[in-house]
Amino acid sequence: MTAPATELDLAIMRRALDLARAAADADEAPVGAVVYETETGRLLGEGRNRRESDADPTAHAEILALRAAARVVGNWRLSDCTLVVTLEPCAMCAGAVVNARVGRLVIGALDPKAGATHSLYSLCDDPRLNHRVEAITGVRADEAGRLLREFFRNKRRPP
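Start counting the sequence shown at 1; every next residue gets the next number (this note's numbering).
Okay, structure coming up:
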């Protein structure tokens, strides 16, 4: 059984949602991510989608947040950390979470089209892999989902 989201998780999700809105303002898919030290709450890294801005297919919010946190910690192992992200990670990002040995993952909205932690795949708790991640889903999911729906609705709207 997974523990519920903490007050700190909820507060950090607010920051992740702010980053998602900043991504949307930059015409990027509105996804934000923040890594914090689980025990102390110290912020270690954050990111927002930058694929279009950077012309980089790996510039997902989670990847950028993990890279920033690893630089601060001085180690690629983030086992004492929590990653808070507004949208369920894709296969690339879920793989990075496992490879970084992240201890906890807090997710806003699930992604039925590309989600690789619950929706399509369960990479973060696959017993065949060398690490499993405690994952909490549905944290401020309505708000995260609304940001995504509005962004893509506006993208499809004729000029």
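Positions of the beta carbon are idealized from the N, C-alpha and C atoms, including for glycine.
By the neighbour-count definition (other C-beta atoms within 10 Å, threshold 16), Thr-40 is an exposed residue. Annotation for Arg-71: no beta strand (DSSP E) segment contains it, though the alpha helix (DSSP H) segment containing it runs 61-73.
Taken through DSSP and simplified to helix, strand or coil, Ala-29 comes out as coil. By the criterion of at least three beta-carbon pairs nearer than 8 angstroms, the segment 45-56 is not in contact with the segment 92-105.
Inter-segment contact for the segment 74-90 and the segment 30-46 is present: three or more beta-carbon pairs are separated by less than 8 angstroms. Pairing Glu-62 with Leu-147, the inter-Cα distance amounts to about 17 angstroms. By the Cβ neighbour-count rule, Leu-78 is buried, with 16 or more other Cβ atoms within 10 Å of its own.
Spanning the alpha carbons of Arg-140 and Ala-109 requires a straight line of approximately 8 angstroms. Assignment of Val-133 by DSSP, reduced to helix, strand and coil, places it in the coil class. Within a 10 Å sphere around the beta-carbon of Leu-19 sit 16 or more other beta-carbons, which makes this residue buried.
Within a 10 Å sphere around the beta-carbon of Ala-26 sit fewer than 16 other beta-carbons, which makes this residue exposed.
Closest in C-alpha terms to Ala-100, from the list Gly-115, Arg-153, His-118, Leu-129, comes Leu-129. By the 16-neighbour rule on beta-carbons within 10 angstroms, Pro-89 is buried.
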